[in-house]
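Trainee:
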């Protein structure tokens, strides 16, 4: 078969596959907008993006046959890249070390050498998005208990990440002069925060990943800044 003809045929087949995808949009709990594509077989296939309420791009990636593929980018509020992860290579290509230094990480090991030299856990999302998603769930739980909640609350948003990269979430905060904790369930349609677990010399390590934020419960929405963290 002629090489040029073969290339055109392959391109045509790929284009037809893309044309068969249906673009869908869903709002996540933090009011951000997720746009994804589904093939005729109902599998995720094609571009996958999340944008903030202010229409700033938070995440960009793609799916192939229901699996994440290629490069995934997560963005800081100023539009700079927080991280790039390649799913085909299973490799963290780049990470904003300045932003990640503002996160408190605890490795569940007593080995001082491991603590000093291990790779820390990293979510496949920006810190901004992490705070927004967990902060929204924290706010929902507080308002469910006290619909007249006022003022600001400082809270530590904690991800406990096991050796396999599975995370559970909680918030620790002060209430009435005493420390309190809430279990947070992140249950978004289509989107999960995936984690690269902490590791050292090829061995994964359980850890915790904590970001402090301020939740604003001001009754006047024009004065409210929902979630603030020290970016």
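In our numbering, the protein residues as written are 1 to 231. Virtual Cβ for every residue (Gly too), placed ideally from N, Cα, C.
1. Can you check DSSP and say which residues form a bridge with residue 61?
2. What residues in its chain sit with their C-beta under 6 Å from that of residue 165, if we drop five residues either side in the sequence?
3. Give the single residue among 193, 152, 189 whose Cα lies nearest to the Cα of residue 213.
4. So, for residue 122: in the same chain, excluding its five sequence neighbours on each side, which residues have a beta-carbon less than 6 Å away from its beta-carbon?
5. Can you tell me which of the three DSSP states residue 105 falls into?
6. Taking the alpha carbon of residue 65 as the reference point, which residue from 32, 36, 89 has its own alpha carbon closest?
7. Answer yes or no: do residue 52 and residue 44 have a C-beta to C-beta separation smaller than 8 Å?
8. Contact check, residue 118 vs residue 200 under 8 Å by CB: the rounded distance?
9. Considering Cα atoms alone, identify which of 95, 175, 38, 76 is closest to residue 232.
10. Going by other Cβ atoms of all chains shown within 10 Å of its Cβ, with 16 needed for buried, is residue 177 buried or exposed?
11. Can you list, in chain order, the residues of its chain with a C-beta nearer than 6 Å to that of residue 172? Leave out the 5 residues immediately preceding and following it.
12. Identify the continuous beta strand (DSSP E) that holds residue 217 and give its terminal residues.
13. Looking only at its own chain, which residues have a Cβ that is under 7 Å from the Cβ of residue 47, when we skip the five neighbours before and after it?
14. Could you pull out every residue in the same chain whose Cβ sits closer than 7 Å to the Cβ of residue 106, ignoring the five residues on either side in sequence?
15. Closest to residue 76 by CA distance: which of 116, 125, 115 is it?
16. CB-CB under 7 Å to residue 27, same chain, minus the five flanking residues each way: which ones, in chain order?
17. To the nearest angstrom, report how far apart residue 179 and residue 89 are at their CA atoms.
18. Where does residue 158 sit, in a helix, a strand or coil, going by DSSP?
19. For residue 116 and residue 161, what's the separation of their Cα atoms in angstroms?
20. Rounded to a whole number of angstroms, what is the C-alpha to C-alpha distance between residue 211 and residue 188?
21. Quick one: grab the DSSP three-state call for residue 112.
22. For residue 223, which residues from the same chain have a beta carbon less than 6 Å from its beta carbon, with the 5 sequence-adjacent residues on both sides left out?
Mentor: Reading off the structure:
1. Paired residue(s): 48.
2. 195, 197
3. 152
4. 196
5. If DSSP states are grouped into helix, strand and coil, residue 105 belongs with the strands.
6. 36
7. no
8. At roughly 4 Å, the Cβ-Cβ gap stays under 8 Å, so residue 118 and residue 200 are in contact.
9. For the chain, the structure presents residues 1 to 231; residue 232 sits outside this window and is missing.
10. exposed
11. 156, 181
12. Looking at the DSSP string, residue 217 is not in any beta strand (DSSP E), and its letter there is neither H nor E.
13. 37, 62
14. 207, 208
15. 125
16. 33
17. 43 Å
18. strand
19. Taking the straight line joining both Cα atoms gives about 18 Å.
20. It is roughly 20 Å from the alpha-carbon of residue 211 to the alpha-carbon of residue 188.
21. helix
22. Interpretation of residue 223 is limited by its pLDDT of 47, a score under 50 that renders its predicted location unreliable; the figure taken from the coordinates is listed afterwards. Nothing listed; no residue qualifies.
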